[in-house]
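One line per chain: the protein sequences are A and B, in this order.
Residue numbering for the first sequence follows my numbering, starting at 1 and increasing by one per position.
Residue numbering for the second sequence follows my numbering, starting at 1001 and increasing by one per position.
Just so it is clear, CB atoms sit at the ideal spot from N, CA and C, and this is done for glycine as well.
The structure presented is a predicted model; accordingly, all values stated were derived computationally and were not measured.
This report refers to the structure that appears directly beneath it.
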Amino acid sequence: MDRLWWELPLRLGHGPDATWRGEFATAVGEIAANIVRHACPAAGDLCDARLAILVNRVAIVARFTDRGAPCVAPIPAGPPIRSAEAPWEWPEAGLGLGLARAALDDLGYERTAAGENRWTLLKRLESADR
Amino acid sequence: MTGTVIEHRNDAITTARPHGHLDYLSASDFKEELLGAVEAGWPRLVVDLSAVEFVDSSGLGALIGGLKAARAAGGDRRLAAVPDQARVVLSLTTLDRMFRSYASVEEAVAGN
Chain A
1 MDRLWWELPL RLGHGPDATW RGEFATAVGE IAANIVRHAC PAAGDLCDAR LAILVNRVAI
61 VARFTDRGAP CVAPIPAGPP IRSAEAPWEW PEAGLGLGLA RAALDDLGYE RTAAGENRWT
121 LLKRLESADR
Chain B
1001 MTGTVIEHRN DAITTARPHG HLDYLSASDF KEELLGAVEA GWPRLVVDLS AVEFVDSSGL
1061 GALIGGLKAA RAAGGDRRLA AVPDQARVVL SLTTLDRMFR SYASVEEAVA GN
């Protein structure tokens, strides 16, 4: 990921700021953790997880593919929000997919006909110009 | 393991300095370390994040769990030296409104 942030300004003439990079890295980390924790164990850890990162002038797309168990949880619109005055109401788990979604412009999941999970993480580069 | 360095200070404040990634691999140990300080009678905690490279939702869960325990024991939870990626995660979840953040441990200890 560090290499990506180093190369982007050379290719595009500008690079995303620290907040943009932090959001993208957060989302990639959450989906990777989700695959390792949930999809792979159910498949006997033979899940053949792969990550490809595609870059163009408009957006960066990270695509995870794995042969683990299908994801049955719906993708929430964002992380659960509770009152800052009521910490006891905050959940301590189940924050990951909502956090990833909030960090991206789009988060897609599909179970392919070939029996693979495919996660597509899209973050637009114009949102880096702020 | 997060390699957390726990220090009990003379002013009744405990500083906790985790190291590396606060993620699904380390979050459980980190939470136990925080709860251990609270249960030992040190609920006033400053978590120094200066040596943390990455925080994921599991790391956030550990911070939330530690805050709940500290508040229940009449204490507080403050964050110091929050790196950019951790700041992003706190902001996206609005948890930045629940944790007081300071630029350094010294400011966190002195802060109100």
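Residue i (DSSP reduced to helix, strand or coil)
| i | result |
| --- | --- |
| Ile1064(B) | helix |
| Gly1075(B) | coil |
| Gly13(A) | coil |
| His38(A) | helix |
| Arg50(A) | strand |
| Arg3(A) | helix |
| Arg67(A) | coil |
| Leu1049(B) | coil |
| Ala134(A) | Residue numbering for chain A in the displayed model covers 1 to 130; residue 134(A) lies beyond these limits and cannot be assessed. |
| Ser1104(B) | coil |
| Glu110(A) | strand |
| Val1109(B) | helix |
| Ala1070(B) | helix |
Residue range of the alpha helix (DSSP H) that includes residue i
| i | result |
| --- | --- |
| Ile31(A) | Ala18 to Asn34 |
| Leu122(A) | Element bounds for Leu122(A): not the alpha helix (DSSP H) but the beta strand (DSSP E), Asn117 to Arg124. |
| Glu1033(B) | Ala1027 to Glu1039 |
| Leu1092(B) | Asp1084 to Leu1092 |
Contact set for residue i: own chain, Cβ-Cβ below 8 Å, skip 5 residues either direction
| i | result |
| --- | --- |
| Met1001(B) | Only weak support exists for where Met1001(B) lies, its pLDDT of 49 falling under 50; the value from the coordinates is given anyway. Excluding residues within five positions, the ones whose Cβ falls inside 8 Å are Ser1026 and Asp1029. |
| Gly1061(B) | Ala1027 and Lys1031 |
| Trp5(A) | Gly15, Pro16 and Arg21 |
| Ala33(A) | Gly96 |
| Glu1107(B) | Ala1080 |
Beta-carbon gap between residue i and residue j smaller than 8 Å
| i | j | result |
| --- | --- | --- |
| Val1109(B) | Ala1086(B) | no |
| Thr1015(B) | Glu1033(B) | no |
| Ile60(A) | Tyr109(A) | no |
| Arg67(A) | Ala43(A) | yes |
| Leu121(A) | Ile31(A) | yes |
| Leu97(A) | Ala73(A) | yes |
| Pro1043(B) | Gly1075(B) | yes |
| Leu1067(B) | Ser1101(B) | no |
| Arg101(A) | Trp90(A) | no |
| Ala27(A) | Ala103(A) | yes |
| Val1089(B) | Leu99(A) | yes |
| Leu95(A) | Thr1093(B) | yes |
| Arg80(A) | Arg1071(B) | Before going on, a small fix: residue 80(A) reads as Pro here, not Arg. No, the pair does not count as a contact, with Cβ atoms beyond the cut-off. |
| Val58(A) | Arg11(A) | no |
| Ala1037(B) | Ile1013(B) | no |
| Ala77(A) | Arg63(A) | no |
Own chain, CB closer than 6 Å to residue i, minus 5 neighbours either side, in chain order
| i | result |
| --- | --- |
| Thr65(A) | Arg50, Glu116 and Arg118 |
| Ala69(A) | Ala39, Ala42 and Ala43 |
| Asp1056(B) | Asp1023 |
| Gly1111(B) | Tyr1102 |
| Leu1035(B) | Ala1069 |
| Pro1018(B) | Thr1002, Thr1004, Phe1030 and Val1052 |
| Gly1059(B) | Leu1022, Asp1023 and Ala1027 |
| Leu8(A) | Gly15 |
Residue interval of the beta strand (DSSP E) (run including residue i)
| i | result |
| --- | --- |
| Leu97(A) | Element bounds for Leu97(A): not the beta strand (DSSP E) but the alpha helix (DSSP H), Gly96 to Ala103. |
| Val1005(B) | Val1005 to His1008 |
| Asp1096(B) | Taken as a continuous stretch (DSSP letters only), Asp1096(B) belongs to no beta strand (DSSP E), as it is neither H nor E. |
| Thr1014(B) | Thr1014 to Arg1017 |
| Gly1020(B) | Gly1020 to Leu1022 |
Cβ-heavy atom distance, residue i to the ligand NAD, below 7 Å
| i | result |
| --- | --- |
| Lys123(A) | The model depicted lacks the ligand NAD and carries no ligand whatsoever. |
Neighbourhood of residue i by C-beta, 7 Å cutoff - its chain only, sequence neighbours within 5 removed
| i | result |
| --- | --- |
| Asp106(A) | Leu122 |
| His1021(B) | Glu1053 and Phe1054 |
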